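Asks:
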Amino acid sequence: MELSPADSGNYDATLHLAERNGWGDSKIEGLVSLLSGLPYATIYPEFYNLGHDAVNFTSLARWDSEKRRFSLAVSISLYGNPSLRLRFYADARNENWNLTRTFLGTATPLPDLNMRRAAAGAEVHAIVSGRWSWSAGAEVAHRNFRNLSSISSPAELAFFTDATSIAGWLGVQRTLLRVPERRFTVDSSAEARAGREYADALGPFATVRGALRSHWFPRAKGDDYEVQARLRAGATAGKATLDELFQLGIERDNDLWLRGHAGTLDGRKGAAPLGRRFFLANWEMDKNIHQNGFFTVKLGPFLDSGAVADSSGLFGSQRWLWDTGAQCKVRLLGSLTIVLSYGRDLRGERNVFYGTVLR
């Protein structure tokens, strides 16, 4: 930002915005971005502003033997309008699940369930103003399940039925409150999704989700202290397969973090509570510990609370959950954030150490 005095006695503000081109501003930044997931067997090939025409390519490749995944996405601006973007994506997964802690149906545990899922879709995202935006999209997906010999009842099999689905969604994001003199904001989002699973045991379904997020810098300047709080809730009507259930736990493919509940057991998904209805509240505070031109270190406590339920009685948390702990955030080169957290389940008395990279 550059301020220059004007003849009227006021100032003119000029913004010099840096485009993200190619692999990044430098080879080091591009290499760090590409290899940031190596500790958990993942790489992120990305290329931005292809041909200087605002065409972005992002992808993920994971070779973890329990959670193989490959995804890619291409986004472009529509009609040369930077506030209107179109994204095409494809995603393929081959995952092993251990449901011995979370599936309450069959007397025989499911420690080695295998799920394969492939999906492709398109999404339009529009920025209407600085206060609100909307998005809409459609997706076709197919999933199949293996190692189900212990399941026989129709109610249980519905969650593990091989099926192809078609779904569409509409989402809205809006800022509800801005208090610049207090450095406080409240943002909201809502999404409605509807579709159909093409299998005899399934059928039409609909999902709604909503979220509120508050952000506050307590001091008049700088970011020495930062406080964030978030409330989220959602519900699904109709039958759903395992991959469509909400999950409350800390896991790389899940954004509903209950940080004292691990999302995996021995590397396999399915350890965190699952269901078709959920409520989740997250609170955290960060304090700057160290800052220089290359990285910033923040440290602070967090408190998470929530519950997940399912009308079938086969999934769900069975009670309200409370987690607390501390986390450290390391911001590298102004683009990547390494998160290291320690969370404790106050009811189950389990401890979870977790590390990941936020992009």
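Each step along the sequence shown adds one to the number in my numbering, with nothing skipped, and position 355 is 1371.
In this text, a Cβ means the ideal position worked out from N, Cα and C, and glycines have one as well.
Every value quoted in this text rests on a predicted model; they were computed, and no experiment measured them.
#1: Taking Gly1286 and Asn1163 to be in contact with their CB atoms under 8 Å, please state how far apart those CB atoms are, rounded to whole angstroms.
#2: Which one or two residues does DSSP pair with Gly1276 in a beta bridge?
#3: What are the boundary residues of the beta strand (DSSP E) that Leu1050 is part of?
#4: When you compare the CB positions of Gly1184 and Ala1154, do they come within less than 7 Å of one another, or not?
#5: Pull up the DSSP beta-bridge partners for Ala1089, would you.
#6: Assign Leu1054 to buried or exposed, taking buried as 16 or more other Cβ atoms, counted over all protein chains shown, within 10 Å of its Cβ.
#7: Using a 10 Å radius around the Cβ and a threshold of 16 neighbouring Cβ atoms, would you call Met1131 buried or exposed?
#8: Where are the alpha helix (DSSP H) runs, 4 residues long or more, that stay fully inside the segment 1234 to 1290, in chain order?
#9: Measure the CB-CB distance between Leu1100 and Ile1092 and report whether it falls below 7 Å.
#10: Measure the C-alpha to C-alpha separation of Asn1072 and Leu1094 and round it to an integer number of angstroms.
#11: Reducing DSSP to helix, strand and coil, say where Glu1207 ends up.
#12: I need the boundaries of the alpha helix (DSSP H) containing Ala1171, first residue and last residue.
#13: If we ignore side chains and look at the alpha-carbon of each, how far apart do Ser1321 and Leu1019 end up?
#14: Would you report the Cα separation of Gly1137 and Tyr1214, rounded to the nearest angstrom?
#15: Between the segment 1229 to 1240 and the segment 1252 to 1267, do three or more beta carbon pairs fall short of 8 Å?
#16: So which of Ile1167, Trp1338, Leu1051 has the shortest CA-CA distance to Leu1126?
#17: DSSP has Pro1021 in a bridge; who is on the other side?
#18: Drop a sphere of 10 angstroms on the beta-carbon of Glu1197, count the other beta-carbons inside from all chains shown, and report buried for 16 or more, exposed for fewer.
#19: From Leu1051 to Asp1216, what distance separates their C-alpha atoms?
#20: Does the segment 1250 to 1260 come close enough to the segment 1173 to 1182 to have 3 or more Cβ pairs within less than 8 Å?
#21: What separation, rounded to the nearest whole angstrom, lies between the Cα atoms of Leu1204 and Arg1190?
#22: So Ala1089 and Thr1074 are in contact, right, with Cβ under 8 Å, and what is the actual spacing, rounded?
#23: Identify, in the order they occur along the chain, each residue of the same chain with its Cβ nearer than 6 Å to the Cβ of Ala1245, setting aside the five sequence neighbours on each side.
#24: Is the beta carbon of Trp1232 sitting closer than 7 Å to the one on Phe1200?
#25: Quick one: what's Gly1329 bridged to in DSSP?
#26: With C-beta atoms as the reference, is Glu1045 less than 7 Å away from Leu1349?
#27: Can you give me the start and stop residues for the beta strand (DSSP E) that Ala1342 sits inside?
#28: Hey, would you say Leu1296 sits closer than 7 Å to Arg1248, going by beta carbons?
#29: Buried or exposed: Arg1375, going by 16 or more other Cβ atoms within 10 Å of its Cβ?
#30: Using a 10 Å radius around the Cβ and a threshold of 16 neighbouring Cβ atoms, would you call Asn1365 buried or exposed?
#31: From what residue to what residue does the beta strand (DSSP E) around Ile1167 run?
#32: Could you have a look at Glu1197 and say whether DSSP puts it in helix, strand or coil?
Replies: Based on what the coordinates show:
#1: That pair is no contact at about 12 Å.
#2: Partner(s): none; Gly1276 has no beta bridge.
#3: It is not in any beta strand (DSSP E) - Leu1050 instead sits in the alpha helix (DSSP H) that spans 1043 to 1051.
#4: Yes, the Cβ-Cβ distance between Gly1184 and Ala1154 is below 7 Å.
#5: The bridge partners DSSP lists for Ala1089 are Thr1074, Tyr1105.
#6: Under this definition Leu1054 is an exposed residue.
#7: Looking at its Cβ environment, which holds 16 or more other Cβ atoms inside 10 Å, Met1131 is buried.
#8: Inside the segment 1234 to 1290, DSSP marks no whole alpha helix (DSSP H) run of 4 or more residues.
#9: Cβ distance not < 7 Å, so Leu1100 and Ile1092 don't count as in contact.
#10: Cα to Cα, the separation comes out at about 13 Å.
#11: It is a strand residue.
#12: Start and end: 1170 to 1173.
#13: Using only the alpha carbons, I get a separation of about 45 Å.
#14: In this structure, the alpha-carbon of Gly1137 lies about 17 Å from that of Tyr1214.
#15: Under the three-pair Cβ rule at 8 Å, the segment 1229 to 1240 does not count as touching the segment 1252 to 1267.
#16: The residue with the shortest Cα to Cα distance from Leu1126 is Ile1167.
#17: Pro1021 is bridged to Tyr1027.
#18: Glu1197 counts as exposed, since fewer than 16 other C-beta atoms from the protein chains shown sit within 10 angstroms of its C-beta.
#19: Counting only the Cα atoms, Asp1216 lies some 44 Å from Leu1051.
#20: Touching, yes.
#21: In the sequence under discussion, the amino acid at residue 1204 is Ser, which differs from the Leu named in the question. Cα atoms of Ser1204 and Arg1190: separation of roughly 5 Å, rounded to the nearest angstrom.
#22: Contact between Ala1089 and Thr1074 holds, since their C-beta atoms are separated by about 5 Å, short of 8 Å.
#23: Excluding positions up to five away in sequence, the list reads Ser1230, Trp1299.
#24: Yes, Cβ-Cβ distance for Trp1232 and Phe1200 is below 7 Å.
#25: Answer by DSSP bridge pairing: none, since Gly1329 is not bridged.
#26: Yes.
#27: Counting along the chain, the beta strand (DSSP E) containing Ala1342 begins and ends at 1337 to 1348.
#28: Against a cut-off of 7 Å, the Cβ pair of Arg1248 and Leu1296 comes out as a contact.
#29: It is exposed - the Cβ of Arg1375 has fewer than 16 other Cβ atoms within 10 Å.
#30: A small correction: the amino acid at residue 1365 is Glu; Asn does not occupy that position in the sequence shown. Counting the other Cβ atoms within 10 Å of the Cβ of Glu1365 gives fewer than 16, which makes it exposed.
#31: Where Ile1167 is concerned, there is no enclosing beta strand (DSSP E), given that its DSSP letter is neither H nor E.
#32: In the structure shown, Glu1197 sits in a helix (DSSP, three-state: H, G or I).
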